[in-house]
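Asker:
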Amino acid sequence: MCFRIGSASVSKNCDNKPCYQGKCENEKCRCFAGWGGVQCDRCHGRNLLTDESELLTDGPRNYSSSSRCMWIIRDEKKRDALLLRIDSLVTECSWDHLYIYDGTGTRSHQLAAFSGVVSGREVSIRSGKALVYFFSDLAFNMSGFNITFAYGKCPNNCTSNGKCTEGICECYEGYTGALCDTLICTDKDRNKTSKACGMAGICSADNRCSCNMHFHGDRCQALTTQSVFETVLTSGDFGARASHTAILVNDTKIWVIGGAHFTGVNNSFVAVYDITKSSWHEIPTRNTPRPRYDHTVVRYKSTMYMFGGVIDERIVTNELWSLDLGTLEWTLENSNNNASNAM
1 MCFRIGSASV
11 SKNCDNKPCY
21 QGKCENEKCR
31 CFAGWGGVQC
41 DRCHGRNLLT
51 DESELLTDGP
61 RNYSSSSRCM
71 WIIRDEKKRD
81 ALLLRIDSLV
91 TECSWDHLYI
101 YDGTGTRSHQ
111 LAAFSGVVSG
121 REVSIRSGKA
131 LVYFFSDLAF
141 NMSGFNITFA
151 YGKCPNNCTS
161 NGKCTEGICE
171 CYEGYTGALC
181 DTLICTDKDR
191 NKTSKACGMA
201 GICSADNRCS
211 CNMHFHGDRC
221 QALTTQSVFE
231 TVLTSGDFGA
241 RASHTAILVN
251 DTKIWVIGGA
261 HFTGVNNSFV
271 AVYDITKSSW
281 HEIPTRNTPR
291 PRYDHTVVRY
301 KSTMYMFGGV
311 IDERIVTNEL
321 WSLDLGTLEW
331 TLENSNNNAS
341 NAM
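Now the structure itself:
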């Protein structure tokens, strides 16, 4: 069952055409709340969805200009994780966006922002409640999107290499990753040629691949004459961010400072990646500056210096801060002379 939020609207006469999301009364389409247009075929306002059989869509035709549509997916009887699948999405690239939040408000953890052409993407929502918001500008009107959702399922069905428990993949032996789609060495593979090493190496004592002479990479997947970019498997929960700075310290640790990230993400201003352990951890500091992005950072001996950046989303600052790597305390080295409205 699908419950609607808000008031209904009445369109022009039905003209013997069906009302997509409404009913015909006195030769006029009376639209359900959350829909508008002559045939009630354009999303408008808010909808509350509870039934997995419902299709989340902007409508059967191209979406209208200046669309503002919101769907809240919530079923109080279900506690499982929620899986959204974007069957198709076509919007004006970089201008018309679809936002997905883990929770029922825009201050919840933002999981994704989609624009352009997308198909087959899945988004797992731990809380089991989601808010989906669509925004379009005045220019191009594209075909829009169709999204389905289900409770208690995992993305890509854990690639058939794991068990789905409350929306999280528990991988079978020999597999790892959020989708259980990455082969790894196990104790059974030690000192043997393994599929985890692409059959071009053996699993060593520390369960890493030891490649044959002509191959390299974490899984011996490339010839030594070829370069390799790999997704590093890491431990420690560290959210995505952009426009940050990264500094190598003592050849073993990468300090990441500041940056922009989605709303609702509890991202520390300073985080460190340990290269030897492939792990992330947050670094608490004292007198920490306001969050910022597009700044610069350099290291001189035991001190890091951070200059400029964008704060409060629109203010470009010329603040110069220093961070003592021994005491982990920040110091403002100059009085600011910020330029507002410079963005």
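Residues 1 to 343 in the UniProt record's numbering are what the sequence shown spells out, letter by letter. Idealized CB from N, CA, C, for every residue including glycine.
In terms of residue numbering, what span does the beta strand (DSSP E) encompassing P78 cover?
Answerer: Reading off the sequence, residue 78 comes out as Lys, not Pro. Here K78 belongs to no beta strand (DSSP E), and DSSP marks it neither H nor E.
Asker: Return no unless some Cβ of chain D is closer than 7 Å to the Cβ of G120.
Answerer: Protein chain content of the structure displayed is limited to a single chain, and chain D is not contained in it.
Asker: Hey, how far is the Cα of C209 from the Cα of G236?
Answerer: 23 Å
Asker: Considering only DSSP beta bridges, list what Q110 is partnered with.
Answerer: Q110 pairs with Y101.
Asker: Can you check which of these residues, H216, Y293, F269, S204, is closest to H244 by C-alpha distance?
Answerer: Y293
Asker: Between R219, P284, G34, D274, which has its C-alpha nearest S268's C-alpha?
Answerer: P284
Asker: What span of residues does the beta strand (DSSP E) with V298 cover, start to end?
Answerer: 296 to 300
Asker: Nearest-angstrom Cα distance between I257 and N338?
Answerer: 20 Å
Asker: Taking Cβ positions, are I254 and R299 nearer each other than 7 Å?
Answerer: no
Asker: Spatial neighbours of D312 within its chain, please: CB distance less than 8 Å, with the 5 preceding and 5 following residues excluded, ordered by chain position.
Answerer: R290
Asker: Is the stretch 113 to 129 close to the stretch 81 to 88, with three or more CB pairs under 8 Å?
Answerer: yes
Asker: So does the stretch 200 to 209 actually touch the stretch 217 to 230, counting three or more Cβ pairs closer than 8 Å?
Answerer: yes
Asker: Quick one: give me the first and last residue of the beta strand (DSSP E) that T303 is part of.
Answerer: Taken as a continuous stretch (DSSP letters only), the beta strand (DSSP E) holding T303 covers 303 to 307.
Asker: Which residues in the same chain as C14 place their Cβ atom closer than 7 Å to its Cβ, once the five residues preceding and following it in sequence are excluded?
Answerer: C24, E27, K28, C29
Asker: With burial defined as no fewer than 16 other Cβ atoms inside 10 Å of the residue's Cβ, what is the status of F229: buried or exposed?
Answerer: By the 16-neighbour rule on beta-carbons within 10 angstroms, F229 is exposed.
Asker: Roughly how many angstroms separate the alpha carbons of N16 and D58, rounded to a whole number?
Answerer: 22 Å
Asker: By the DSSP assignment, the beta strand (DSSP E) with L248 in it spans what residues?
Answerer: 245 to 249
Asker: Applying the 10 Å Cβ sphere with the 16-neighbour rule, what's the burial state of A342?
Answerer: The predicted position of A342 is uncertain, since its pLDDT is 47 and thus under 50; a value taken from the coordinates is nonetheless stated next. It is exposed - the Cβ of A342 has fewer than 16 other Cβ atoms within 10 Å.
Asker: Y281 bridges to which residues according to DSSP?
Answerer: Reading the sequence as shown, one finds His at residue 281 and not Tyr. In the DSSP output, where bridge partners are listed per residue, H281 has V272.
Asker: Please list, in chain order, all residues of the same chain as L138 whose beta carbon is under 7 Å from its beta carbon, the five residues on each side excluded.
Answerer: S65, S66
Asker: For G152 and R241, what's the separation of their Cα atoms in angstroms?
Answerer: 28 Å
Asker: Apply the 10 Å Cβ neighbour rule to L89 and answer buried if 16 or more other Cβ atoms are within range, or exposed otherwise.
Answerer: It is buried - the Cβ of L89 has at least 16 other Cβ atoms within 10 Å.
Asker: Checking 7 Å against the spacing of the C-beta atoms, do M70 and R85 come in under that value?
Answerer: no
Asker: Taking the DSSP output, what are the residues bridged to Y293?
Answerer: V310
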